[in-house]
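Protein chains in written order, with my numbering: chain A, 1 to 187; chain B, 1001 to 1187. Here a beta-carbon is modelled for each residue, glycine too, at the ideal position from N, C-alpha and C. In this text, all values refer to a predicted model and were calculated from it rather than measured experimentally.
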DNA sequence: CATAACATACCAGTTGGACGGTTTCGTCAA
DNA sequence: TTGACGAAACCGTCCAACTGGTATGTTATG
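The following block contains the structure:
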């Protein structure tokens, strides 16, 4: 669809498109709706083509999950660069990265929803666990206070609340909550 | 399996057993593994019998989710009864209920994991959203401070960390974290 | 004996994925 | 510049296993 004026094959583009479609299906219809037929159908790519890019369904899911993690890493790194204070920097980066990812409509639709859906598969849970462990080891010097842990947990909770659409909180209350969380990282 | 010395048919027992098996499959193998064949096979009940108790797969999933919510409600209520201080009582009840549910091996294996897996289906997400909204309206008088909200979010995060098995935290650190959370509800 | 609680058999559609074919691409010699 | 050629990118078809669900039993229970 809409290859437009680019005539050359763009395998990376197709690959990304397949991931996007899989992500959209996952967030909108749930895990059970992510089938090879559905992905290939909704993306206009044949199933053979899909299986060329991702040799199996598991490979597709893992690739999707990895791309989400990369996006999160990039967002965290960006947030940390703008933060002069070392103490609790990673925790604040994690907080702001999660907040930033929920809004941007570009690329993968709903980052949080897709992540959640993918976490329902045990194999991908292990990947997440590894990610968490790596980070917590890396920033043990600056982000291991009790309050920092609480802020990170609350960030996960916020992430969870967002994806479930519990929109009972107005923006000002939300902002006060975030301010308070930032404050907790600095204690 | 193991109807033992009870000769009479026990439809409620069978029903509960079916829910347990579905829960175990969900938490151990993920959402994609929860099929009617798998549930009936693993429980020793025929598929016909399964579909007698739950007219469709959706009905089964919804019933399972409802049973989890009931369990959570009961645990919260129990925790709240033991709490003399009105201010922040629901938040503390929520915290302690989630902590209590994760340990007990009886009945449904891993409460958190199953809940998470079920939340990957959009239809069930709506049920959860309703649950949250009801509670937040009911306890608006005692549990609407910023810190209480943070504690509830952190509880969700803790719940999430537990289910992902991020076991990097030792018990003493965990206890200090919980103490701090309780402290925050009392501010 | 009516109804609930199961089991057994069966079905049409879907599933993941294997397979062989066709087009496009990069590259390197002539 | 060309053209050959192997690899990469993709398509269409086929299939066995499985899917959720129905229809029809059989047995227990009140």
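Could you tell me whether the Cβ of residue i comes closer than 9 Å to any Cβ of chain B?
| i | result |
| --- | --- |
| residue 147 (chain A) | yes |
| residue 78 (chain A) | no |
| residue 92 (chain A) | no |
| residue 177 (chain A) | yes |
| residue 100 (chain A) | no |
| residue 42 (chain A) | no |
| residue 63 (chain A) | no |
| residue 161 (chain A) | yes |
Would you report the Cα separation of residue i and residue j, rounded to the nearest angstrom?
| i | j | result |
| --- | --- | --- |
| residue 1274 (chain B) | residue 1097 (chain B) | No statement about residue 1274 (chain B) is possible, as the shown extent of chain B runs from 1001 to 1187 and does not include it. |
| residue 1069 (chain B) | residue 1180 (chain B) | 26 Å |
| residue 19 (chain A) | residue 89 (chain A) | 31 Å |
| residue 1028 (chain B) | residue 122 (chain A) | 7 Å |
| residue 131 (chain A) | residue 1160 (chain B) | 14 Å |
| residue 120 (chain A) | residue 133 (chain A) | 19 Å |
| residue 1184 (chain B) | residue 1048 (chain B) | 52 Å |
| residue 1004 (chain B) | residue 1083 (chain B) | Caution applies to residue 1004 (chain B), whose pLDDT of 43 falls short of 50 and renders its modelled position unreliable; the value that the coordinates give is listed next. Straight-line Cα distance between these residues: approximately 41 Å. |
| residue 124 (chain A) | residue 65 (chain A) | 7 Å |
| residue 1186 (chain B) | residue 1178 (chain B) | 13 Å |
Going by alpha carbons, who is nearest to residue i out of the options?
| i | options | result |
| --- | --- | --- |
| residue 1102 (chain B) | B:1147, B:1067, B:1162 | B:1162 |
| residue 1146 (chain B) | A:170, A:123, A:145, A:132 | A:170 |
| residue 148 (chain A) | B:1154, B:1143, B:1144, B:1148 | B:1154 |
| residue 1061 (chain B) | B:1095, B:1116, B:1177, B:1100 | B:1116 |
| residue 1079 (chain B) | B:1093, B:1085, B:1087, B:1067 | B:1093 |
| residue 189 (chain A) | A:32, A:31, A:25 | Lying outside 1 to 187, the shown extent of chain A, residue 189 (chain A) is not represented and no answer is given. |
| residue 52 (chain A) | A:175, A:12, A:100 | A:12 |
| residue 14 (chain A) | A:46, A:56, A:35 | A:46 |
| residue 151 (chain A) | A:137, A:182, A:140, A:175 | A:182 |
| residue 54 (chain A) | A:95, A:33, A:22, A:77 | A:22 |
Would residue i pass as an interface residue toward chain A - the criterion being a Cβ-Cβ separation below 9 Å?
| i | result |
| --- | --- |
| residue 1184 (chain B) | yes |
| residue 1153 (chain B) | yes |
| residue 1059 (chain B) | no |
| residue 1095 (chain B) | no |
| residue 1038 (chain B) | no |
| residue 1002 (chain B) | Residue placement at residue 1002 (chain B) is poorly supported in this model, since its pLDDT is 38, which falls under 50; the coordinates are not used for a value here. |
| residue 1173 (chain B) | yes |
Could you tell me which chain A residues have their CB closer than 9 Å to the CB of residue i, listed as they occur along the chain?
| i | result |
| --- | --- |
| residue 1031 (chain B) | 30, 31, 32, 117, 120, 121 |
| residue 1082 (chain B) | The contacting residues do not exist; residue 1082 (chain B) stays about 23 Å from chain A at best. |
List, in chain order, every chain B residue whose beta-carbon is nearer than 8 Å to that of residue i.
| i | result |
| --- | --- |
| residue 164 (chain A) | 1119, 1125, 1128, 1129, 1132 |
| residue 112 (chain A) | Near residue 112 (chain A) there are no residues of chain B at all, since even the closest Cβ is about 11 Å away, more than 8 Å. |
So with CB distances below 8 Å, who are the chain A contacts of residue i?
| i | result |
| --- | --- |
| residue 1181 (chain B) | 150 |
Just to make sure I have the definition right: I need the residues of chain A whose C-beta is within less than 7 Å of the C-beta of residue i. Which are they?
| i | result |
| --- | --- |
| residue 1024 (chain B) | Residues of chain A passing the Cβ test: none, with the nearest at roughly 12 Å. |
Taking Cβ-Cβ distances shorter than 7 Å, what residues in chain B pair up with residue i?
| i | result |
| --- | --- |
| residue 158 (chain A) | 1153 |
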